[in-house]
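Novice:
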Amino acid sequence: MFSHFRFPLSFPRLSWFAALAALPLTVTAVPVGTTSTATSSPALNPHIGVTTHFVRKMKAFQHWDPDVYIPLIADLGAGWVRDEIVWAWMEKSRGNYEIPAKDRKWLDLAERHGIKVILTLSASNGKLYEDPYDPDAYAKAAAFLATELKGKLHAIEVLNEPYHWYAKAYGEGTTLGGDLYGRDKNGEEESWLKRYVVLLNKTAEAVKAANPDMKVIGLGGFPAMNMRMIAMGLSSQVDGITLHPYSYRITPEIVPYATSEENFKRNGGRQTADTEGTFASLIRYSREFSAKHNGPKETWLTEWGWSTKRDAVDTRSNFSGFTEEAQAAYTLRRFMEGQGLGVEVSTMYSLLDNRNSWRTPERSEFFSDDNFGLLRDDGTPKPAFAAVRRLARETIGLTPGGKLRYTLTATTKRPDHQVFAARDGTRLRAPDRVISYQFTDAAGRPVIAFWSMERISDQSPRPADLEIDVSLEEIHAEAFDLLTGRIYEPVATEKEGKLFFKDIAVPPHPVLLRLLPR
Numbered sequence: 001m002f003s004h005f006r007f008p009l010s011f012p013r014l015s016w017f018a019a020l021a022a023l024p025l026t027v028t029a030v031p032v033g034t035t036s037t038a039t040s041s042p043a044l045n046p047h048i049g050v051t052t053h054f055v056r057k058m059k060a061f062q063h064w065d066p067d068v069y070i071p072l073i074a075d076l077g078a079g080w081v082r083d084e085i086v087w088a089w090m091e092k093s094r095g096n097y098e099i100p101a102k103d104r105k106w107l108d109l110a111e112r113h114g115i116k117v118i119l120t121l122s123a124s125n126g127k128l129y130e131d132p133y134d135p136d137a138y139a140k141a142a143a144f145l146a147t148e149l150k151g152k153l154h155a156i157e158v159l160n161e162p163y164h165w166y167a168k169a170y171g172e173g174t175t176l177g178g179d180l181y182g183r184d185k186n187g188e189e190e191s192w193l194k195r196y197v198v199l200l201n202k203t204a205e206a207v208k209a210a211n212p213d214m215k216v217i218g219l220g221g222f223p224a225m226n227m228r229m230i231a232m233g234l235s236s237q238v239d240g241i242t243l244h245p246y247s248y249r250i251t252p253e254i255v256p257y258a259t260s261e262e263n264f265k266r267n268g269g270r271q272t273a274d275t276e277g278t279f280a281s282l283i284r285y286s287r288e289f290s291a292k293h294n295g296p297k298e299t300w301l302t303e304w305g306w307s308t309k310r311d312a313v314d315t316r317s318n319f320s321g322f323t324e325e326a327q328a329a330y331t332l333r334r335f336m337e338g339q340g341l342g343v344e345v346s347t348m349y350s351l352l353d354n355r356n357s358w359r360t361p362e363r364s365e366f367f368s369d370d371n372f373g374l375l376r377d378d379g380t381p382k383p384a385f386a387a388v389r390r391l392a393r394e395t396i397g398l399t400p401g402g403k404l405r406y407t408l409t410a411t412t413k414r415p416d417h418q419v420f421a422a423r424d425g426t427r428l429r430a431p432d433r434v435i436s437y438q439f440t441d442a443a444g445r446p447v448i449a450f451w452s453m454e455r456i457s458d459q460s461p462r463p464a465d466l467e468i469d470v471s472l473e474e475i476h477a478e479a480f481d482l483l484t485g486r487i488y489e490p491v492a493t494e495k496e497g498k499l500f501f502k503d504i505a506v507p508p509h510p511v512l513l514r515l516l517p518r
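Numbering-wise, the sequence shown is residues 1 to 518 according to the working numbering.
1. Rounded to whole angstroms, what is the Cα-Cα separation between residue 377 and residue 350?
2. Compute the beta-carbon to beta-carbon distance between residue 434 and residue 464, rounded to the nearest angstrom, for a pair I have assumed lies under 8 angstroms.
3. CB residue 198 to CB residue 154, shorter than 8 angstroms?
4. Does the stretch 354-361 touch the stretch 431-449, meaning 3 or more C-beta pairs lie closer than 8 angstroms?
5. Which partner residues of residue 438 appear in the DSSP bridge assignment?
6. Out of 49, 188, 91, 267, which one is the CA nearest neighbour of residue 110?
7. Work out the CA separation of residue 431 and residue 454 for me, nearest whole Å.
8. Short of 7 angstroms in beta carbon distance, which residues of its chain neighbour residue 245, apart from the five on each side in sequence? Order them along the chain.
9. Give me the DSSP bridge partner(s) of residue 83.
10. For residue 383, count neighbouring Cβ atoms within 10 angstroms of its own Cβ and tell me buried if that reaches 16, exposed if not.
11. Kindly provide the ranges of any beta strand (DSSP E) runs that are 3 or more residues long and lie completely inside the stretch 269-320, ordered along the chain.
12. Please classify residue 486 as buried or exposed, where buried requires at least 16 neighbouring CB atoms within 10 angstroms.
13. For residue 247, which residues in the same chain have their Cβ closer than 7 angstroms to its Cβ, ignoring the five residues on either side in sequence?
14. Which whole-angstrom value is the C-beta distance of residue 468 and residue 502, which I expect to be below 8 angstroms?
15. For residue 346, write down the residues that DSSP places opposite it in a beta bridge.
16. Please return the same chain residues whose Cβ sits closer than 7 angstroms to the Cβ of residue 211, not counting the five positions on each side in sequence.
17. Which same chain residues end up closer than 7 angstroms to residue 228 when comparing Cβ atoms and leaving out the 5 residues on each side of it in sequence?
18. To the nearest angstrom, how far is the alpha carbon of residue 55 from that of residue 505?
19. Using DSSP bridges, identify the partner residues of residue 488.
20. Between 424, 354, 409, 428, which lies nearest to residue 418 when the distance is taken from Cα to Cα?
21. From 274, 230, 324, 471, pick the residue whose C-alpha is nearest to that of residue 404; which is it?
22. Just how far apart, CA to CA, sit residue 88 and residue 105?
23. So for residue 29, helix, strand or coil by DSSP?
24. State yes or no: is the C-beta of residue 329 within less than 8 angstroms of the C-beta of residue 509?
25. Here's the rule I'm using: 16 or more other beta-carbon atoms within 10 Å means buried, otherwise exposed. How should residue 488 be labelled?
26. In this structure, does DSSP put residue 155 in helix, strand or coil?
27. Would you kindly report the start and end of the unbroken beta strand (DSSP E) that includes residue 493?
28. Might you give, ordered along the chain, the residues of its own chain that have their beta carbon closer than 7 angstroms to the beta carbon of residue 86, omitting 5 neighbours on each side?
29. Assuming residue 203 is part of the alpha helix (DSSP H), what are its boundary residues?
30. Terminal residues of the continuous alpha helix (DSSP H) containing residue 335?
31. Who does residue 360 pair with in a DSSP beta bridge?
32. Taking Cβ positions, are residue 295 and residue 309 nearer each other than 8 angstroms?
33. Is the beta carbon of residue 222 less than 8 angstroms from the beta carbon of residue 176?
34. Sorted by chain position, which residues of the same chain lie with C-beta nearer than 7 angstroms to residue 352's C-beta, five sequence neighbours on each side aside?
35. Helix, strand or coil: which one does DSSP assign to residue 413?
36. Using the C-alpha atoms, what's the distance from residue 160 back to residue 80?
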């Protein structure tokens, strides 16, 4: 979303101290308008990040003060930020590079707080090069970044959503009639896909020659586009595939790329997800396809989120507006499932609400792109901030997988009656199931994360039966609710020599169940 924003919420402008005093966790806060000199940070989660706009390239981003918000990112526990650096601002004459002072300042601050950085080398440089995205020139600029910012920068993302501005530079892409599958109006594969593969490969090779430790990630298209580009052949120097798995109008376990006969044809004879359109299948299919074509092994989710905008009849958007409570729950679910699937890095969009609607501030609450933040545009927190803070801390050291044998079965129905009609014609619903992922903590003990995949509603937590193949005499369980912060010991009995929880509460947000020796 770096390149094509449209349109904060009208909430009382509370001070950080007043707003956070009500939260069950203590947050080290910096009031807006002050400068922090602190450099000590809590433990940061290496798999979790937030997208930011410290580049401040537009009027909509001018309130992104790094002195205020970088310390808060560290306090959040996010190990990564994803931002951008504008190529044309860095290379103003051919072959001469300089990091803009305001970019260097925030990068230095992030380094002092121990936060790793993904930078998208963004935008074109048409004033210097006949081809505005000249692949050799772009690769040299990226190599400069890899050397100049060694120790401050940890991953370079080759452009943001290239089906937009990049493709448009060549008269193609989604803004000029291209579809979500990388095809033009006649159903033919667009040429920008191959151009981008050349750009990505040259950039990866130049960056690795300059700094072998620098991660290079890219693609960032819709899933079918990504597969087309992977099939063209990616350099072994490309570390990871980027995905932006927005769910748009539905719950986080579903993405709008479900299998259908028509989609199989549109996708070039391949499927990008299963019949339900599950997020888990999207990740699995992407990995399997990349492995088949000797592509990158890593998966980087560099944008996704839920907007807390209000819906109105005169506003048009691909995104539904969700309550702040739903945003908190869905953000937790996506982060948790990403960790369960072993996603290398997942950065949600975004830390702070934007101000794209500065011309019409009275309408700002109705525009999706201004309302994705964990924080409102005045810096006060939405419920998602405290929720993500808990998850970031509680999941440090968890490794997906384990040897525990268990079953978790919902004992009631929670069907979704709100159908999401996706752009490809498929009709999607939230799955009427509970879901769980097994982890092993740093001490080698099993941890189960579970939740219900239903939409957020006014219903109490869903009951389910949980049976674990361990003895009640040897093990007891401790539950941690990641949304509320409640810690409790659920009632357990023994059933045929196994630990059994009858009608255990499974809310529509993650609970961590730790199995501890007696």
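Ideal Cβ positions, reconstructed from N, Cα and C, are used throughout, including at glycine.
Specialist: Reading off the structure:
1. Within the sequence shown, numbered from 1, the residue matching residue 377 stands at position 377. Within the sequence shown, numbered from 1, the residue matching residue 350 stands at position 350. If you take the alpha carbons of residue 377 and residue 350, they lie about 11 angstroms apart.
2. Within the sequence shown, residue 434 is the residue found at index 434, counting from 1. Within the sequence shown, residue 464 is the residue found at index 464, counting from 1. Rounded, the Cβ-Cβ distance is 5 angstroms, consistent with contact.
3. Here residue 198 refers to the residue found at position 198 when the sequence shown is read from its first residue. Here residue 154 refers to the residue found at position 154 when the sequence shown is read from its first residue. No, these two residues do not count as a Cβ contact at 8 angstroms.
4. Counting Cβ pairs under 8 angstroms, fewer than three are found: no touch.
5. As a first step, residue 438 must be located in the sequence shown, where it is residue number 438. Paired residue(s): 448.
6. Position 110 of the sequence shown, counted from the first residue, corresponds to residue 110. Sorting 49, 188, 91, 267 by C-alpha distance to the C-alpha of residue 110 places 49 at the top.
7. As a working note, residue 454 is residue 454 in the sequence shown. As a working note, residue 431 is residue 431 in the sequence shown. Answer to the nearest angstrom: the Cα atoms are 6 angstroms apart.
8. To locate residue 245, count along the sequence shown from 1; it is residue 245. Around residue 245, the same chain offers 255, 279, 282, 301, 304 as residues with beta carbons nearer than 7 angstroms, after the five sequence neighbours per side are excluded.
9. Reading the sequence shown from its first residue, position 83 is the one you call residue 83. DSSP lists 119 as partners of residue 83.
10. Sequence index remark: in the sequence shown, residue 383 carries index 383 (1-based). Result: buried.
11. Those beta strand (DSSP E) runs which fall completely within the stretch 269-320 and span 3+ residues are 298-301.
12. Position 486 of the sequence shown holds residue 486. Exposed is the call here.
13. Position 247 of the sequence shown, counted from the start, is the residue given in the question as residue 247. The answer, listed in chain order, is 254, 255.
14. Against the sequence shown, residue 468 aligns to sequence position 468. Against the sequence shown, residue 502 aligns to sequence position 502. About 13 angstroms separates the beta carbon of residue 468 from that of residue 502, a gap too long to meet the 8 angstroms contact definition.
15. On the sequence shown, position 346 is the one that residue 346 refers to. Residue 346 is bridged to 48, 301.
16. Residue numbering aside, residue 211 sits at position 211 when the sequence shown is read from its first letter. Short of 7 angstroms from the beta carbon of residue 211, and not among the five residues preceding or following it, lie these beta carbons of its own chain, in chain order: 146, 147, 150.
17. Your numbering for residue 228 matches position 228 in the sequence shown. Scanning its chain for C-beta atoms nearer than 7 angstroms, with the 5 sequence neighbours on each side dropped, one finds around residue 228 the residues 182, 189, 193, 268, in chain order.
18. Here residue 55 refers to the residue found at position 55 when the sequence shown is read from its first residue. Here residue 505 refers to the residue found at position 505 when the sequence shown is read from its first residue. So the alpha carbons of these two residues sit roughly 44 angstroms apart.
19. Numbered from its first residue, the sequence shown carries residue 488 at position 488. According to DSSP, residue 488 bridges with 479.
20. Here residue 418 corresponds to residue number 418 of the sequence shown, with the count starting at 1. It is 428.
21. Counting from one through the sequence shown, the residue named residue 404 turns up at place 404. Looking only at 274, 230, 324, 471, the smallest Cα-Cα distance to residue 404 is reached by 471.
22. Within the sequence shown, numbered from 1, the residue matching residue 88 stands at position 88. Within the sequence shown, numbered from 1, the residue matching residue 105 stands at position 105. Taking the straight line from one Cα to the other gives about 18 angstroms.
23. Working through the sequence shown from its first residue, we reach residue 29 at position 29. Low confidence applies here, because residue 29 scores a pLDDT of 36, under 50, leaving its location unreliable and the question unanswered by this model.
24. By 1-based counting over the sequence shown, the position of residue 329 is 329. By 1-based counting over the sequence shown, the position of residue 509 is 509. Yes, Cβ-Cβ distance for residue 329 and residue 509 is below 8 angstroms.
25. On the sequence shown, residue 488 is found 488 positions in, with the first residue counted as 1. Note on residue 488: under 16 other CB atoms within 10 angstroms of its CB, so exposed under the neighbour-count rule.
26. As a first step, residue 155 is located in the sequence shown; it is residue number 155 there, counting from the start. It is a strand residue.
27. Position 493 of the sequence shown holds residue 493. Segment 493-495, the beta strand (DSSP E) holding residue 493.
28. The count along the sequence shown starts at 1 and reaches residue 86 at position 86. These residues qualify, in order along the chain: 55, 57, 122, 123.
29. Working through the sequence shown from its first residue, we reach residue 203 at position 203. Boundaries of the alpha helix (DSSP H) around residue 203: 192-210.
30. Here residue 335 is taken as the residue at index 335 of the sequence shown, counted from 1. Residue 335 -> alpha helix (DSSP H) spans 324-340.
31. On the sequence shown, position 360 is the one that residue 360 refers to. None; residue 360 has no bridge partner.
32. Stepping through the sequence shown from its first residue, residue 295 is reached at position 295. Stepping through the sequence shown from its first residue, residue 309 is reached at position 309. Going by C-beta atoms, residue 295 is not nearer than 8 angstroms to residue 309.
33. As a first step, residue 222 must be located in the sequence shown, where it is residue number 222. As a first step, residue 176 must be located in the sequence shown, where it is residue number 176. Not closer than 8 angstroms, so no.
34. On the sequence shown, residue 352 is found 352 positions in, with the first residue counted as 1. Around residue 352: 64, 69, 373, 375, 377.
35. Locating residue 413 in the sequence shown gives position 413, counting from the first residue. Residue state, collapsed to three classes: coil.
36. Against the sequence shown, residue 80 aligns to sequence position 80. Against the sequence shown, residue 160 aligns to sequence position 160. In a straight line, the C-alpha of residue 80 is about 17 angstroms away from that of residue 160.
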